[in-house]
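A.B. asks: Got a structure for you, questions after.
Number of protein chains: 2
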Amino acid sequence: MQPTAHAHRRRTSGRSVTAADVLDAAKTLFALRGYHGTSLKHVAALLEIRTPSLYNHMESKSGLLRDIVMETLADVRHEFEGVLATTATPAGQLAEATRVYALHHATHRREALIVSHETRHLPEPDLGQAQEMRRDHERRFRQIILDGAASGDFSVASPKLASFAIREMCVSVARWFREDGSFTPDDVAEEYARQALKLVGSKP
Amino acid sequence: MQPTAHAHRRRTSGRSVTAADVLDAAKTLFALRGYHGTSLKHVAALLEIRTPSLYNHMESKSGLLRDIVMETLADVRHEFEGVLATTATPAGQLAEATRVYALHHATHRREALIVSHETRHLPEPDLGQAQEMRRDHERRFRQIILDGAASGDFSVASPKLASFAIREMCVSVARWFREDGSFTPDDVAEEYARQALKLVGSKP
DNA sequence: CCTACCGATCGGTAGG
DNA sequence: CCTACCGATCGGTAGG
């Protein structure tokens, strides 16, 4: 139901802790127990240091959350823009946008779970900025479906509902995907791209 | 991104608080801010009483979560069993199972968000029991698709992935649905049932 | 239903 | 990187 095995980068013993190590430990714990369910003591313990030492490598607990969320949303936007830049038809864009979005959620499960569940705990103005970035992805994704419906490439009852269904089924990959399961991230991404085309009634 | 408007039953002023009122307030706040992001002081404040008074109507904070999660999972199971009892074909069962599952998530958003995000915070043995109930729904839902694939009613590349996609797109309804939006719960449920049949390549 | 109170833990700081 | 410590808040209890 919740992720139990996370790819947590093991620190080389003896080396001193870096900002990247702190962010990585926070990703593991925020994903597993939630932002408010994780104390800085947990984060420090995972790194085998004391709580106050964390402050040499971060600004605050909410700063960690902000960095995780903003960086992840920027990655998603960058991948999406890559799709639009290299694909021209609605069917090609929808398949590729779905494929990279599903792939992202299979390969960045911790970050995706944090964006989904913990963004609401960000203080303003970070919260507003994060929400705007998500809405932007939502709008641009839906626009692909609207374009395909307008051109006749797609035959879809409700572009809005189809867009919700496709995006959310990709987001959910972070919830059920298991690294030791029967699918590779690429398997899932490819099949979800095909399912997206089916959902919008894409003409072959 | 997160639910902002929740159907919170307003207590009639002057009447004394009941166990149902406490559970209702907890649903609103656990859904909005998460289990660990909600203090019993918040719950009490919403009911306009003091924190210790809550204990006249509940066992503990985790008892509230357990009651919300278990009752919701029992409701879902009951609805699912109603579908199997009244529908015989794989296509009929899949459409109906999807319809009632989507409908549940549109009409019980608070409970659904709590089951999705907060179940992990349950202490054992409640956690194990909740996980088993979810796995049971997952197995039985997937079995419908396996039946349809075996009988030739469905044409689906991966029954397992199709099952994940359909169930998770229903679960996600709780995340984006808005009571004041452009769809009724029935609109969403009907359209999602059709999308489910498309996803498994159901023969008409 | 309340006031008064408990020990534990929280994020964060001082000062080396 | 540490020890020592801060005020605030947590879930929960005593005792009416």
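Chains as they are written, first to last, in this note's numbering: chain A, 1 to 204; chain B, 1 to 204. Glycine is no exception: its CB is placed at the ideal position from the N, C-alpha and C atoms.
Taking the alpha carbon of Ala165 of chain B as the point to measure from, which residue in B:Arg50, B:Lys203, B:Thr98 has its own alpha carbon closest?
C.D. replies: Answer by Cα proximity: B:Thr98.
A.B. asks: Give the range of the alpha helix (DSSP H) segment to which Arg229 of chain B is assigned.
C.D. replies: The first residue shown for chain B is 1 and the last is 204, placing residue 229 of chain B beyond what the model contains.
A.B. asks: Taking DSSP as the reference, what is the three-state secondary structure of Thr119 of chain A?
C.D. replies: It is helical.
A.B. asks: Quick check on Asp153 of chain B: buried or exposed, where buried means 16 or more other Cβ atoms within 10 Å of its Cβ?
C.D. replies: Asp153 of chain B is buried by the Cβ-count criterion.
A.B. asks: For Thr119 of chain B versus Val200 of chain B, is the C-beta spacing smaller than 8 Å?
C.D. replies: Not closer than 8 Å, so no.
A.B. asks: I want to see whether chain B comes within less than 8 Å of Lys27 of chain A, judged by CB atoms only; does it?
C.D. replies: No, because no Cβ of chain B sits closer than 8 Å to the Cβ of Lys27 of chain A.
A.B. asks: How would you call Thr72 of chain B, buried or exposed, if buried means at least 16 neighbouring beta carbons within 10 angstroms?
C.D. replies: When all chains shown are included, Thr72 of chain B counts as buried.
A.B. asks: Out of curiosity, what's the CA-to-CA distance linking Glu190 of chain A and Lys203 of chain A?
C.D. replies: The straight-line gap from Cα to Cα measures roughly 18 Å.
A.B. asks: Check whether the region 51-68 of chain B touches the region 36-43 of chain B, counting contact only when three or more Cβ pairs, one atom from each stretch, lie closer than 8 Å.
C.D. replies: Touching, yes.
A.B. asks: Between Glu79 of chain B and chain A, is there a C-beta pair that is closer than 8 Å?
C.D. replies: Not closer than 8 Å to any Cβ of chain A, the Cβ of Glu79 of chain B fails to qualify, so no.
A.B. asks: Measuring alpha carbon to alpha carbon, tell me which residue in B:Glu179, B:Ala26, B:Ser62 is nearest Leu46 of chain B.
C.D. replies: If we check each option's Cα against that of Leu46 of chain B, B:Ala26 comes out closest.
A.B. asks: Fully enclosed by the region 8-78 of chain B, which alpha helix (DSSP H) runs are 4 residues long or longer?
C.D. replies: Listed in chain order, they are 19-33, 40-46.
A.B. asks: Tell whether a beta-carbon distance below 8 Å holds between Val173 of chain B and Ser116 of chain B.
C.D. replies: Cβ atoms of Val173 of chain B and Ser116 of chain B: not closer than 8 Å.
A.B. asks: Which chain B residues sit within Cβ distance under 8 Å of Tyr192 of chain A?
C.D. replies: Chain B residues near Tyr192 of chain A: Leu161, Ala165.
A.B. asks: How is Ser182 of chain A classed by DSSP in three states: helix, strand or coil?
C.D. replies: In this structure, Ser182 of chain A counts as coil in the three-state DSSP scheme.
A.B. asks: Starting from the C-beta of Ser155 of chain A, find all residues in its chain whose C-beta is less than 7 Å away, skip the five residues before and the five after it, and write them out in chain order.
C.D. replies: Here the set comprises Gly201.
A.B. asks: For Asp21 of chain A, is the classification buried or exposed, using 16 other Cβ atoms within 10 angstroms of its Cβ as the cut-off for buried?
C.D. replies: The residue in question, Asp21 of chain A, is buried, as its Cβ has 16 or more Cβ neighbours within 10 Å.
A.B. asks: Distance cutoff 8 Å, beta carbons only. Does Leu34 of chain B sit that close to anything in chain A?
C.D. replies: It is Gly, not Leu, that sits at residue 34 of chain B in the sequence shown. Judged by the 8 Å Cβ criterion, Gly34 of chain B is in contact with chain A.
A.B. asks: Take Leu94 of chain B and list the residues in its own chain whose beta-carbon comes closer than 6 Å to its own, dropping the five residues that flank it on each side.
C.D. replies: Counting only Cβ-Cβ distances below 6 Å, and skipping sequence neighbours, we find Ile144, Ala196.
A.B. asks: Run the CB neighbour count on Ser163 of chain A, radius 10 Å, all protein chains shown included, and call it buried at 16 or more, exposed below.
C.D. replies: The residue is buried, with at least 16 neighbouring Cβ atoms inside 10 Å.
A.B. asks: Taking the alpha-carbon positions, what's the Gln129 of chain A to Pro123 of chain A distance?
C.D. replies: Distance between the alpha carbons of Gln129 of chain A and Pro123 of chain A: 10 Å.
A.B. asks: For Ala112 of chain B, collect the residues of the same chain with a Cβ closer than 6 Å to its Cβ; drop the 5 residues on either side in sequence, then sort them by chain order.
C.D. replies: Excluding sequence neighbours, Ala112 of chain B sits near His105, Ala174.
A.B. asks: Pull up the distance between the alpha-carbon of Met133 of chain A and that of Ala88 of chain B, whole angstroms please.
C.D. replies: Those two C-alpha atoms are separated by around 45 Å.
A.B. asks: At which residue ranges does the region 121-149 of chain B contain complete beta strand (DSSP E) runs of 3 or more residues, listed in the order of the chain?
C.D. replies: Counting only runs of 3 or more, we get nothing.
A.B. asks: Name the chain A residues that come within less than 8 Å of His117 of chain B, Cβ to Cβ?
C.D. replies: Ordered by position in chain A, the residues that pass the 8 Å Cβ test against His117 of chain B are Gly34, His117.
A.B. asks: Determine whether the beta carbon atoms of Leu65 of chain B and Pro185 of chain B lie at a separation below 8 Å.
C.D. replies: Cβ distance not < 8 Å, so Leu65 of chain B and Pro185 of chain B don't count as in contact.
A.B. asks: Shorter than 8 Å from the beta carbon of Leu73 of chain A to some beta carbon of chain B?
C.D. replies: Cβ-Cβ to chain B under 8 Å: no for Leu73 of chain A.
A.B. asks: Buried or exposed: which applies to Ala31 of chain B, given that a residue is buried once 16 or more other Cβ atoms fall within 10 Å of its Cβ?
C.D. replies: Classification of Ala31 of chain B: buried, given that the 10 Å Cβ count is 16 or more.
A.B. asks: Residues in the same chain with beta-carbon distance under 8 Å from Gly63 of chain A, minus the five sequence neighbours each way, listed in chain order, please.
C.D. replies: Same-chain partners within the cutoff: there are none.
A.B. asks: Between the alpha carbons of Ala91 of chain A and Glu79 of chain A, how many angstroms are there, rounded?
C.D. replies: Distance between the alpha carbons of Ala91 of chain A and Glu79 of chain A: 17 Å.
A.B. asks: Whose Cβ in chain B lies nearer than 7 Å to the Cβ of Val37 of chain A?
C.D. replies: Per the sequence shown, residue 37 of chain A should be read as Gly rather than Val. Within 7 Å Cβ-Cβ: His36, His121.
A.B. asks: Within this structure, are the beta carbons of Lys160 of chain A and Lys198 of chain B separated by less than 8 Å?
C.D. replies: Their beta carbons are not under 8 Å apart, which means Lys160 of chain A does not touch Lys198 of chain B by this criterion.
A.B. asks: Pick out whichever of A:Trp176, A:Gly181, A:Ala157 has its Cα sitting closest to the Cα of Ala193 of chain B.
C.D. replies: Among A:Trp176, A:Gly181, A:Ala157, the Cα nearest to that of Ala193 of chain B belongs to A:Ala157.
A.B. asks: On the criterion of 16 or more Cβ atoms from any shown chain inside 10 Å, does Arg109 of chain A qualify as buried, or is it exposed?
C.D. replies: Classification of Arg109 of chain A: buried, given that the 10 Å Cβ count is 16 or more.
A.B. asks: If I measure Cβ to Cβ from Glu96 of chain A and keep anything under 7 Å in the same chain, skipping five residues before and after, which residues do I get?
C.D. replies: The answer, listed in chain order, is Val83, Thr87.
A.B. asks: Report yes if the C-beta distance between Arg178 of chain B and Phe141 of chain B is below 8 Å; otherwise report no.
C.D. replies: No; because the gap between Cβ atoms is not below 8 Å, this pair is not in contact.
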